[in-house]
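Engineer: The numbering of the sequence shown is this note's numbering, which starts it at 1363 and goes up by one. Where a beta carbon is used, it is the ideal one built from N, C-alpha and C, also for glycine.
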Amino acid sequence: MSADLVQRTVAFCRELRGRGMTVTTGHAIDAVRALRCAGMESRQRAYLSLRCVLMARPEEADVFDEAFEAFFSAPVASARDGVVRVHKRPPPRDPAVPSLSSWGEEGGGTDGEEPEPVPAASDMPAVAQKDFSTFGADELAEIQRLAAGIARRLAARPSRRWAAANRGRRIDLRRTMRRALIEPIDLRFRRRKPRKTRIVAICDVSGSMDLYSRFLLQFLYALQGTVARVESFVFSTVLRRVTGVLQQPDYAQVLRGLASEVHDWSGGTRIGECLAAFNQDWGKLIDGRTVVVILSDGWDTGEPTLLGAEMEILRRRSRRLIWLNPLLGSPDYEPLTQGMQAALPHVSVFAPAHNLAALRALERHLLA
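1) Can you look up Ala1404 in the DSSP assignment and give me helix, strand or coil?
2) Just the Cα atoms here: how many angstroms apart are Ala1730 and Thr1652?
3) Pull the bridge partners of Phe1430 from the DSSP assignment, please.
4) Identify the continuous alpha helix (DSSP H) that holds Glu1672 and give its terminal residues.
5) Terminal residues of the continuous beta strand (DSSP E) containing Val1562?
6) Suppose the cutoff is 8 angstroms on Cβ atoms and the five residues either side in sequence are ignored; what does the same chain contact list for Glu1422 look like?
7) Counting pairs of Cβ atoms below 8 angstroms between the stretch 1575-1591 and the stretch 1661-1672, do you hit three or more?
8) Could you give the DSSP three-state label for Glu1377: helix, strand or coil?
9) Are at least three pairs of beta-carbons, each pair with one atom in the stretch 1665-1673 and one in the stretch 1630-1643, less than 8 angstroms apart?
10) Taking 8 angstroms as the cut-off, is the beta-carbon of Phe1426 closer than that to any non-hydrogen atom of the ligand FAD?
11) In the DSSP assignment, find the unbroken beta strand (DSSP E) run with Arg1682 in it and report its ends.
12) Where does Ile1505 sit, in a helix, a strand or coil, going by DSSP?
13) Determine whether the beta carbon atoms of Leu1608 and Ala1509 lie at a separation below 9 angstroms.
14) Under 9 angstroms, Cβ to Cβ, is there at least one residue of chain D near Val1415?
15) Can you tell me the Cα-Cα spacing of Tyr1409 and Phe1430, whole angstroms?
16) Would you kindly check if the distance between the Cβ of Arg1413 and the Cβ of Phe1426 is under 9 angstroms?
17) For Leu1579, which three-state DSSP category applies?
18) Can you tell me whether Arg1618 is buried or exposed? The criterion is at least 16 other CB atoms within 10 Å of its CB, across all chains shown.
19) If the criterion is Cβ atoms closer than 9 angstroms, does the pair Ala1639 and Leu1676 meet it?
20) Going by CA-CA distance only, name the one from Gln1406, Glu1501, Ala1418, Ala1373 that's closest to Phe1577.
21) If we ignore side chains and look at the alpha-carbon of each, how far apart do Ala1432 and Arg1381 end up?
22) At which residues does the alpha helix (DSSP H) containing Ser1622 begin and terminate?
23) Using only CA atoms, which one of Leu1728, Glu1725, Leu1721 lies nearest to Ala1490?
24) If I'm right that Ala1715 touches Leu1657 with Cβ under 8 angstroms, what's the distance once you round it to whole angstroms?
25) Could you check the C-alpha separation between Pro1707 and Gly1691 for me, to the nearest Å?
26) Start and end of the alpha helix (DSSP H) containing Ile1656?
27) Can you tell which of Asp1649, Glu1674, Glu1696, Asn1687 has its C-alpha closest to the C-alpha of Arg1681?
28) Assuming Arg1602 is part of the beta strand (DSSP E), what are its boundary residues?
29) Let's test the definition: count the other Cβ atoms within 10 Å of the Cβ of Gln1580 and tell me whether it reaches 16, buried, or not, exposed.
30) Excluding the 5 residues flanking Tyr1695 on each side, which residues of the same chain have their C-beta closer than 7 angstroms to its C-beta?
31) What is the C-beta distance between Val1654 and Val1562, in whole angstroms, given that I count them as a contact (C-beta under 8 angstroms)?
32) Taking its Cβ as the centre, do 16 or more other Cβ atoms sit within 10 Å of Cys1375, making it buried, or is it exposed?
33) If contacts are defined as beta-carbon pairs under 8 angstroms, then Asp1626 and Ser1598 qualify, I think. What distance do you get, rounded to the angstrom?
Okay, structure coming up:
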């Protein structure tokens, strides 16, 4: 909303109050809204819109007309008698008195800052296209930098709720009008509250994921280090909560902690049973703001029916259910395993996770 429009509406409301008319904060807010609907092109429409909102009694008609002409200098048609009163030579206008035609031209508000654009995969360095299965230990830093950038943007993501602010682009109309009618104009602003998205990540560390789980956990480690509302779990045949382990300051300590906590690392895979354990023991972590991310290739030795049922529970409780499969990065891959077939009907997003570019694309899904 234009700050100029608000300021000039307040100034005109003060003019009316100075002439003895009763103009409340609510009237001033309605006046701004009426002008936004009527538009600034027609002086007559603006006059009628303001008169409709700000004039409460017929005996105030002359006072309103005089105030309007004094404020805007050019003649208007009186809605009382239908006659257009025309001055042969309009009196010179005080430069300090605003012209109606300029209302709304200066400034302008938006609901928030534009989000930082997500670069396309083709704009990223060659390492972004490199499969994690060919990564060396020296390239782990790339994953950490990527996750840190995503985490910062997640933390700054605005929600649909508003909060009072001293600065910004979105004017808080009610607070501004309430103060402006009794004090010199002091614009009050509001901005969107940060969206408090919770992320629950469940990472497969079974034998078939050996080439990828190390790098995906590095990603979770960096993400959890920046965003407070991240819960991390790993599974093979048994589910383990590793949020505390991933809070270690050094990734070497994290790996040692995982080795001591997760005894079935590189073992078999029972996805359905592990998700059942999560829903039973940790389901309270999931609500309408939670994005659940499962990182797995879908190879499962458990019962597909159980997997499908537990996926349905997760999907129903969460805001979004994302399944990241490293094998999806291969052009020849098709999700034909029983596990994937059982899971896919309940998945919001099915995406690859085999390189940095794929993880970078994950940001769009987390912020959606």
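Structural biologist: Looking at the atomic coordinates:
1) For the purposes of this step, residue 1404 is taken as residue 42 along the sequence shown, with counting starting at 1. What sits at residue 1404 in the sequence shown is Ser, not Ala. Coil.
2) Translated into the one-based positions of the sequence shown, residue 1730 becomes position 368. Translated into the one-based positions of the sequence shown, residue 1652 becomes position 290. The straight-line gap from Cα to Cα measures roughly 12 angstroms.
3) To locate residue 1430, count along the sequence shown from 1; it is residue 68. Bridge pairing for Phe1430: absent [DSSP].
4) Taking the first residue of the sequence shown as position 1, residue 1672 is located at position 310. Per DSSP, the continuous alpha helix (DSSP H) segment holding Glu1672 begins and ends at 1666-1679.
5) Residue mapping note: residue 1562 aligns to position 200 of the sequence shown, counting from 1. Counting along the chain, the beta strand (DSSP E) containing Val1562 begins and ends at 1560-1566.
6) By one-based count along the sequence shown, residue 1422 stands at place 60. The residues are Met1383.
7) No contact exists between the stretch 1575-1591 and the stretch 1661-1672.
8) Taking the first residue of the sequence shown as position 1, residue 1377 is located at position 15. Here Glu1377 sits in helix by DSSP.
9) When C-beta atoms of the stretch 1665-1673 are compared with those of the stretch 1630-1643, three or more pairs fall below 8 angstroms, so the two segments count as touching.
10) As far as ligands go, the structure on display features none, and thus does not contain the ligand FAD.
11) Translated into the one-based positions of the sequence shown, residue 1682 becomes position 320. Taken as a continuous stretch (DSSP letters only), the beta strand (DSSP E) holding Arg1682 covers 1682-1687.
12) Locating residue 1505 in the sequence shown gives position 143, counting from the first residue. In this structure, Ile1505 counts as helix in the three-state DSSP scheme.
13) Taking the first residue of the sequence shown as 1, we reach residue 1608 at position 246. Taking the first residue of the sequence shown as 1, we reach residue 1509 at position 147. No.
14) Protein chains in the displayed structure number just one, and chain D is not present.
15) Counting from one through the sequence shown, the residue named residue 1409 turns up at place 47. Counting from one through the sequence shown, the residue named residue 1430 turns up at place 68. The straight-line gap separating the alpha-carbon atoms of Tyr1409 and Phe1430 is approximately 8 angstroms.
16) Looking up residue 1426 in the sequence shown gives position 64. Looking up residue 1413 in the sequence shown gives position 51. Yes. Within cutoff.
17) Taking the sequence shown and counting its residues from 1, one reaches residue 1579 at position 217. Leu1579: helix per DSSP, three-state reduction.
18) Here the question's residue 1618 lines up with position 256 in the sequence shown. Arg1618 comes out exposed.
19) Sequence index remark: in the sequence shown, residue 1639 carries index 277 (1-based). Sequence index remark: in the sequence shown, residue 1676 carries index 314 (1-based). One thing to note: Ala1639 has its Cβ no nearer than 9 angstroms to the Cβ of Leu1676.
20) Position 215 of the sequence shown, counted from the start, is the residue given in the question as residue 1577. Measuring from the Cα of Phe1577, the nearest candidate turns out to be Glu1501.
21) Residue numbering aside, residue 1432 sits at position 70 when the sequence shown is read from its first letter. Residue numbering aside, residue 1381 sits at position 19 when the sequence shown is read from its first letter. For Ala1432 and Arg1381, the gap between their C-alpha atoms comes out near 12 angstroms.
22) Here the question's residue 1622 lines up with position 260 in the sequence shown. Counted as a single uninterrupted DSSP element, the alpha helix (DSSP H) harbouring Ser1622 occupies residues 1613-1623.
23) As a working note, residue 1490 is residue 128 in the sequence shown. Out of Leu1728, Glu1725, Leu1721, Leu1721 has the C-alpha closest to the C-alpha of Ala1490.
24) As a position in the sequence shown, residue 1715 is number 353, starting the count at 1. As a position in the sequence shown, residue 1657 is number 295, starting the count at 1. Indeed, because the Cβ distance is near 6 angstroms, the residues count as touching under 8 angstroms.
25) As a first step, residue 1707 must be located in the sequence shown, where it is residue number 345. As a first step, residue 1691 must be located in the sequence shown, where it is residue number 329. Roughly 20 angstroms between the two C-alpha positions.
26) The residue you call residue 1656 lines up with position 294 of the sequence shown. Where Ile1656 is concerned, there is no enclosing alpha helix (DSSP H), although the beta strand (DSSP E) it sits in stretches over 1652-1657.
27) Numbered from 1 along the sequence shown, position 319 holds the residue referred to as residue 1681. If we check each option's Cα against that of Arg1681, Asp1649 comes out closest.
28) Numbered from its first residue, the sequence shown carries residue 1602 at position 240. Arg1602 -> beta strand (DSSP E) spans 1601-1603.
29) For this step, residue 1580 is matched to residue 218 along the sequence shown. Buried, since its Cβ has 16 or more Cβ neighbours within 10 Å.
30) The count along the sequence shown starts at 1 and reaches residue 1695 at position 333. Same-chain partners within the cutoff: Leu1689.
31) Here the question's residue 1654 lines up with position 292 in the sequence shown. Here the question's residue 1562 lines up with position 200 in the sequence shown. The C-beta separation of Val1654 from Val1562 comes to about 5 angstroms, placing the pair in contact by the 8 angstroms criterion.
32) As a first step, residue 1375 is located in the sequence shown; it is residue number 13 there, counting from the start. Cys1375 is buried by the Cβ-count criterion.
33) Locating residue 1626 in the sequence shown gives position 264, where the first residue counts as 1. Locating residue 1598 in the sequence shown gives position 236, where the first residue counts as 1. With a contact defined as Cβ atoms closer than 8 angstroms, Asp1626 and Ser1598 qualify at about 4 angstroms.
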